[in-house]
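full-length UniProt numbering applies: residue 1 is where the sequence shown begins, and numbers increase by one. Virtual Cβ for every residue (Gly too), placed ideally from N, Cα, C. Below is one structure, written out as structure tokens; comments come after it.
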Amino acid sequence: MLAEDSFELLDLFPAASTSSAQRVALPASSLAFIGPLPDSSLIHLALNHLRAGEVPDYLSDDDGGLSEKARGKRREYEVEEDVEAEEQGGGPSRGASKQSRRVLIVTPEREALRKELARDPDVSLFGLRRDGETTRLLDLIDIRYLPSSAHLTYFLATAYLPSNPAAQDAYAESGAKNRPDPSCLPYAPTLVILHDPSEYLDEPANASAGAAAYGSFLAHFVSAFSGLSSPPPRLVLFDPLAFPLSTHILPAHLRSSRKGKKRPHDVDETSNGAPVEAEERDMIPLRRVIERFFDWVGESEELPSLGLAYQGRETSAFLLTCRPSPRTAARLPPKQAQSTGIEYRLHRIGDDDPEGEEEGSMRIEVVT
Numbered sequence: 001m002l003a004e005d006s007f008e009l010l011d012l013f014p015a016a017s018t019s020s021a022q023r024v025a026l027p028a029s030s031l032a033f034i035g036p037l038p039d040s041s042l043i044h045l046a047l048n049h050l051r052a053g054e055v056p057d058y059l060s061d062d063d064g065g066l067s068e069k070a071r072g073k074r075r076e077y078e079v080e081e082d083v084e085a086e087e088q089g090g091g092p093s094r095g096a097s098k099q100s101r102r103v104l105i106v107t108p109e110r111e112a113l114r115k116e117l118a119r120d121p122d123v124s125l126f127g128l129r130r131d132g133e134t135t136r137l138l139d140l141i142d143i144r145y146l147p148s149s150a151h152l153t154y155f156l157a158t159a160y161l162p163s164n165p166a167a168q169d170a171y172a173e174s175g176a177k178n179r180p181d182p183s184c185l186p187y188a189p190t191l192v193i194l195h196d197p198s199e200y201l202d203e204p205a206n207a208s209a210g211a212a213a214y215g216s217f218l219a220h221f222v223s224a225f226s227g228l229s230s231p232p233p234r235l236v237l238f239d240p241l242a243f244p245l246s247t248h249i250l251p252a253h254l255r256s257s258r259k260g261k262k263r264p265h266d267v268d269e270t271s272n273g274a275p276v277e278a279e280e281r282d283m284i285p286l287r288r289v290i291e292r293f294f295d296w297v298g299e300s301e302e303l304p305s306l307g308l309a310y311q312g313r314e315t316s317a318f319l320l321t322c323r324p325s326p327r328t329a330a331r332l333p334p335k336q337a338q339s340t341g342i343e344y345r346l347h348r349i350g351d352d353d354p355e356g357e358e359e360g361s362m363r364i365e366v367v368t
């Protein structure tokens, strides 16, 4: 089973870079990240989520070859599972299948995602140290490429599991009996990642819709998986471009009615005395839209350049700061509602890397 309402921030990075770092767990079931995180972070989050769900050898069905100590641990685990099931009002859970972790990633374009991952290739994914275990886990990640907001909305409105016979019958009646249903998810996802939805804002209809367009993407995303399975999956948003972006509060047809109407309060001042035009007041940062749908929002920003700070290689430093959304902060104890952060560095590899990695690749280091 999944640990309830908890996200580990270090899961955004390769395990080798976090072995000595202090754990940073957030009390959340949904999380959003904006700003320049490493392009490989969404893959690492997926892989680490899957690794955390691996069943130890002493809990596998076949106990042949296990030591007596391992078999004892397995019996202790089964007893604990039975007690927990009885306390929850059910019968013993021994023999019941364990929940299998699966990851679903929803992203606009295949080629765009490929270019992102290849732009600064992470040696832990593409380098000499990649192992067969990583390849096996990658096969458990279901990536759906939805090139337009219409594709996204349709998929989120119709996604279903094979256990839903009504949905299967409805698709069969559509006349597409011999084609796989694109809305069918072969497994119930335990982690769902929405990647780069701000790309859809370039569509003419969305560009004129104001904040409602971006808000509708997030609302569909959150509602689509709330009742898909029990317990519902963890939800994560990765939208690097949302960090600096703002959008109109009102759609274009309502904004146009205000053009040419000057009012005494159409020019305000900021706290430092700079004038703020009405056009700017009618804008809302995408971050404020995001925090209405997610428990915590993480913002990544680049720190002053470190120059050649790692074995003579070019190094960039970043700070990821996570803050609870207003609704989350209101229900958390004050100590848990404080912002938290992680500093990480990206080291670009040169042509004489001591480990023989390809020139131009990136090595990630978590500092705090």
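Which first and last residues belong to the alpha helix (DSSP H) in which L137 is found? L137 -> alpha helix (DSSP H) spans 132 to 138.
Using a 10 Å radius around the Cβ and a threshold of 16 neighbouring Cβ atoms, would you call V366 buried or exposed? With 16 or more other Cβ atoms from the protein chains shown falling within 10 Å of its own Cβ, V366 counts as buried.
Buried/exposed call for M362, threshold 16 Cβ in 10 Å: If you draw a 10 Å sphere on the C-beta of M362, you find 16 or more other C-beta atoms in it, and that means buried.
Quick check on G227: buried or exposed, where buried means 16 or more other Cβ atoms within 10 Å of its Cβ? G227 should be labelled exposed.
Here's the rule I'm using: 16 or more other beta-carbon atoms within 10 Å means buried, otherwise exposed. How should A211 be labelled? Within 10 angstroms of the beta-carbon of A211 lie 16 or more other beta-carbons, which makes it buried.
Could you spell out where the beta strand (DSSP E) holding residue 370 opens and where it closes? Past the boundaries of the shown model lies residue 370; the chain is included only from 1 to 368, so the question cannot be answered.
C-alpha gap between V285 and P244, whole angstroms: For the record, residue 285 in the displayed sequence is Pro; it is not Val. Cα-Cα distance, rounded: 8 Å.
Count the other CB atoms within 10 Å of the CB of R114; is the residue buried (16 or more) or exposed (fewer)? With fewer than 16 other Cβ atoms within 10 Å, it is exposed.
Could you tell me which residues DSSP puts in a beta bridge with G298? Its beta-bridge partners are F33, C322.
Cutoff 6 Å; reference G215; Cβ partners in own chain excluding five residues on either side: Contacts found: V289.
How is Y214 classed by DSSP in three states: helix, strand or coil? Three-state result, Y214: helix.
By DSSP, does S198 sit in helix, in strand, or in coil? It is helical.
Measuring alpha carbon to alpha carbon, tell me which of D39, L12, S17 ends up nearest A46. Considering only alpha carbons, the answer is L12.
At what residues does the beta strand (DSSP E) containing R234 begin and finish? DSSP places R234 inside the beta strand (DSSP E), whose first and last residues are 234 to 238.
With which residues is I105 paired in a DSSP beta bridge? BP columns for I105 point to I143, I193.
Which value, in whole angstroms, describes the spacing of the CA atoms of S19 and V123? Roughly 16 Å separates the two Cα atoms.
Distance, Cα to Cα, L50 vs H248? Separation of L50 and H248 (C-alpha to C-alpha, rounded to the nearest whole angstrom) is 39 Å.
Would you mind sorting T190 into buried or exposed? The rule is 16 or more other CB atoms within 10 Å of its CB. The C-beta of T190 has 16 or more other C-beta atoms within 10 Å across all chains shown, which makes the residue buried.
Does A317 come out as helix, strand or coil in the three-state DSSP assignment? Strand at A317.
Minimum C-alpha distance to A15 - residue among L125, L37, S29: That would be L125, whose Cα lies nearest to the Cα of A15.
Please confirm whether V192 and F238 have their CB atoms less than 7 Å apart. At a Cβ-Cβ threshold of 7 Å, V192 and F238 do not count as neighbours.
C-alpha gap between R348 and I43, whole angstroms: So the two alpha carbons sit approximately 19 Å from each other.
Taking the C-alpha atoms as reference points, what is the distance between E133 and R255? So the two alpha carbons sit approximately 54 Å from each other.
Expressed to the nearest angstrom, what Euclidean distance is found between the alpha-carbon atoms of Y344 and V236? Near 20 Å, if we compare the C-alpha coordinates of V236 and Y344.
Only counting the same chain, and skipping five residues up and downstream in sequence, which positions put a Cβ closer than 8 Å to that of P251? Non-local C-beta neighbours of P251 in its own chain, meaning closer than 8 Å and more than five positions away in sequence, comprise S208, A209, G210, A212, ordered along the chain.
When the Cα atoms are used, what is the spatial distance from L137 to D202? Answer to the nearest angstrom: the Cα atoms are 34 Å apart.
With E299 and T321 assumed to form a contact (beta carbons below 8 Å), what rounded beta-carbon distance in angstroms separates them? Approximately 5 Å separates the beta-carbon atoms of E299 and T321; this is inside 8 Å, confirming the contact.
Residue from L146, Q22, P233, F217 whose Cα sits closest to the Cα of S100: Selected option, being the one with the closest Cα: P233.
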